[in-house]
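Written out below as structure tokens is the structure these notes cover.
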Ligand SMILES: [Fe+2]
């Protein structure tokens, strides 16, 4: 157990403890007050894609303006940051964190009445909130969350290698898990947390959150199956990554290292 999260080690005699495995990542995120866990909004799908294709899809924001133009294209990018360049990236062994950009000048379209009423996180440029940020001071003030204290912050993506992504946003947190079934098939799970609504406005915010999240996820996961088909076509044997995709580079570097290591300690470099 770590901070309420359950990890499974399938070795009969674990080579390292969970504390050793998580290392400084575990220390850094210790004490986060996991918010709004009244209700879970749970998604699960079996996808025809390698697990790394799924993990990569949720490891950078460079794709957002092109894959999500109608949903979050204008909140995660802006005229000054059209390709959603990240704010910050940090690494601890195979684990990592990535802070993404939010557009503080975003305003809902004139005719988007529900979005306007639901829009509670204006100061952060982020509409991906299931709750108001009032009352979440302890969570938002945690030093691991928005480490640069940027006004342009949308969310942090914290990755416990290899399969757990925890996304920390102004309105709370959610997680993704990527379970490999075969070389080109993955069981994907995503779990979002929603508090009990106390007002009509909060209910509207949640309804918007839920429908928008579902739209965004459909945009992401359908693309992963197309990506896998592209990989299997074999026309390219390399992929170029730019600086904004450093999380993917880091993941692939460590996957390679784990595949080739003889022991867990060797893979972790401890
Ligand atoms: Fe996406």
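In our numbering, the protein residues as written are 11 to 280. No residue lacks a Cβ here, since even glycine has one placed at the ideal position from N, Cα and C. Remember, it's a predicted structure, so these values are computed and weren't measured experimentally.
Alpha helix (DSSP H) segment containing residue i, residue limits
i: residue 240; result: 210 to 243
i: residue 37; result: 28 to 38
i: residue 276; result: 274 to 278
i: residue 65; result: 61 to 67
i: residue 180; result: Here residue 180 belongs to no alpha helix (DSSP H), and DSSP marks it neither H nor E.
i: residue 147; result: 147 to 150
i: residue 124; result: 123 to 128
i: residue 75; result: 74 to 77
Run of the beta strand (DSSP E) containing residue i, from where it starts to where it stops
i: residue 15; result: It is not in any beta strand (DSSP E) - residue 15 carries neither H nor E in the DSSP assignment.
i: residue 52; result: 49 to 57
Residue i vs residue j beta-carbon contact at 8 Å
i: residue 58; j: residue 235; result: yes
i: residue 38; j: residue 170; result: no
i: residue 205; j: residue 213; result: no
i: residue 64; j: residue 128; result: no
i: residue 141; j: residue 182; result: yes
i: residue 30; j: residue 273; result: no
i: residue 91; j: residue 194; result: no
i: residue 119; j: residue 109; result: no
i: residue 17; j: residue 175; result: no
i: residue 145; j: residue 215; result: no
i: residue 184; j: residue 173; result: no
i: residue 55; j: residue 268; result: no
Identity of the residue in the options nearest residue i by Cα
i: residue 116; options: 42, 163, 101, 49; result: 163
i: residue 45; options: 217, 81, 201; result: 201
i: residue 186; options: 231, 251, 146, 28; result: 231
i: residue 100; options: 14, 188, 191, 255; result: 255
i: residue 149; options: 172, 266, 177, 54; result: 177
i: residue 80; options: 122, 261, 276, 114; result: 122
i: residue 165; options: 22, 259, 98; result: 98
i: residue 192; options: 126, 89, 62; result: 62
Collapsed DSSP secondary structure at residue i in the structure displayed
i: residue 251; result: coil
i: residue 25; result: coil
i: residue 159; result: coil
i: residue 165; result: strand
i: residue 100; result: strand
i: residue 109; result: strand
i: residue 191; result: strand
i: residue 263; result: helix
i: residue 185; result: strand
i: residue 134; result: With a pLDDT of only 48 at residue 134, under 50, the local geometry of the prediction cannot be trusted, and no value is derived from it.
i: residue 268; result: helix
i: residue 42; result: coil
i: residue 256; result: helix
i: residue 142; result: coil
With 16 other Cβ atoms within 10 Å as the buried cut-off, status of residue i
i: residue 179; result: buried
i: residue 104; result: buried
i: residue 86; result: buried
i: residue 167; result: buried
i: residue 134; result: At residue 134 the pLDDT is 48, less than 50, meaning the model places this residue with poor confidence and gives no usable figure here.
i: residue 239; result: exposed
i: residue 72; result: buried
i: residue 94; result: buried
i: residue 223; result: buried
i: residue 106; result: buried
i: residue 228; result: exposed
i: residue 252; result: exposed
i: residue 74; result: buried
Heavy atom of ligand 3 within 7 Å of residue i beta-carbon
i: residue 217; result: Ligands present in the displayed structure are limited to ligand 1, and ligand 3 is not among them.
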